[in-house]
Amino acid sequence: MKFSNAGCRLLRIAAILFVLCSLASSLAFSAETLKISILHMNDPHGHYAPDDDKSGSVGGFAKAQTVLKELSSRNSTEGRETLILMAGDLLTGTPFSMVFKGKMGVDLMNKMGFNAMTVGNHEFDYGQDNLLNTLRPLMQFPMLSANTKTSSGSNVFESMIEKKYPNTSTRVIIIGLTTEETPITTHPNNIKGLVFDDPLSTAKDLLKDAKDEDLIIALTHIGIEDDKKLAEACPRIDVIIGGHTHTKIDPPIKVGNTIICQASAYAKYVGKLDVESADG
């Protein structure tokens, strides 16, 4: 599997939100063409409202929703599918998060049309009951983490999801991975009875039977350095959409044939990676 014609530019949209765009990345995974745009955010940490900086009001979920809607509409016009992903840490960091404990964030993500979210370490900050029994039933999108297990070895969340699109046999497989640092980044009571397995070995095991024509996306909350290690350990992954380290990756990093993206933090950036299948 190979990537070619990868490019990136940083756009500031209407002076209200930044968009990290990687355009026309082509990869050979299917004889049938799949054109798909991956729109992604990570680590909003409760910054649902705009923040003020030297240039004025920046970010916020309302502005992000406008950008996502505009990009999705453009994709539709261009015959391109849209996939909207969140790479973890929706919770913790603002009074909004403290008061609503993620309910506001989930409601906004539902309205923004997110297709999947990986579990970040701070998703546990208000306890497992809040996450599993209050927030999860409200979510209109799957919450993914293949390496979060109970002490008996059972999965707590969905490990991965599969998406199919018209006129192509290519499957888009999204696997979720959570940082092993979770037990030391939230109160021990919040993760009592849970085990966080090595994300690299988890990914390798889950993807060992992936087909060549599959497009594999790892939606991770493990940080940029571990994302690089993941790409090296599991070269079957085509794209890593990451979070946790609040890294603004512009242009995307390429490790082997794997493209790694991360869109900073605090709802100030939206990442955009356009991927097309290519023969050969």
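Residues -30 to -1, 1 to 250 in mature numbering (1 follows the signal peptide of the UniProt record, and there is no 0) are what the sequence shown spells out, letter by letter.
C-beta: ideal position from N, C-alpha, C; glycine also.
Checklist entry - Among residues of its own chain, excluding the 5 on either side of serine 121, which ones have a beta-carbon nearer than 8 Å to its beta-carbon? => result Annotation for serine 121: Gly163, Leu164, Val165 place their beta carbon closer than 8 Å to its own, counting only its chain and skipping 5 residues before and after.
Item to check | Pairwise C-alpha distance: aspartate 23 and asparagine 85 | outcome: Approximately 30 Å, taken between the alpha carbons.
Next on the checklist: So, at 7 Å on beta carbons, what are the nonlocal neighbours of histidine 216 in its own chain, with the 5 sequence-adjacent residues on each side left out?
Outcome noted: Closer than 7 Å at Cβ, skipping near neighbours: Asp13, Ser234, Ala235.
Checklist entry - Near arginine 106, which residues of its chain fall below 7 Å by C-beta distance, leaving aside the five closest residues on each side in sequence? => result For arginine 106, where only same-chain residues beyond five positions count, the Cβ hits under 7 Å are Met113.
Item to check | Counterpart residues of histidine 191 in DSSP-defined beta bridges | outcome: Answer is Thr148.
Next on the checklist: Just verifying my parser: in three-state terms, what is the DSSP assignment at threonine 104?
Outcome noted: Under the three-state reduction of DSSP, threonine 104 is assigned to helix.
Checklist entry - Can you pull the DSSP bridge partners for arginine 141? => result In the DSSP output, where bridge partners are listed per residue, arginine 141 has Lys134.
Item to check | lysine 181 versus aspartate 208: straight-line alpha-carbon distance, rounded | outcome: In a straight line, the C-alpha of lysine 181 is about 12 Å away from that of aspartate 208.
Item to check | Extent of the continuous alpha helix (DSSP H) to which threonine 36 belongs | outcome: Unbroken alpha helix (DSSP H) run through threonine 36: 31 to 47.
Checklist entry - Nearest-angstrom Cα distance between serine 27 and leucine 101? => result A direct Cα-to-Cα measurement between serine 27 and leucine 101 gives close to 31 Å.
Next on the checklist: Less than 8 Å between the beta carbons of threonine 88 and glycine 58, yes or no?
Outcome noted: If you check the CB distance, threonine 88 and glycine 58 come in under 8 Å.
Checklist entry - Are the Cβ atoms of leucine 60 and isoleucine 8 separated by less than 8 Å? => result The beta carbons of leucine 60 and isoleucine 8 sit no closer together than 8 Å.
Checklist entry - When the Cα atoms are used, what is the spatial distance from alanine 188 to aspartate 95? => result C-alpha separation (whole angstroms): 24 Å.
Checklist entry - In chain order, which alpha helix (DSSP H) runs of at least 4 residues are fully inside the stretch 149 to 228? => result DSSP runs (the alpha helix (DSSP H)) wholly in the stretch 149 to 228: 152 to 155, 169 to 176, 194 to 203.
Checklist entry - Taking buried to mean at least 16 other C-beta atoms within 10 Å of its own C-beta, is lysine 242 buried or exposed? => result With 16 or more other Cβ atoms inside 10 Å of its own Cβ, lysine 242 counts as buried.
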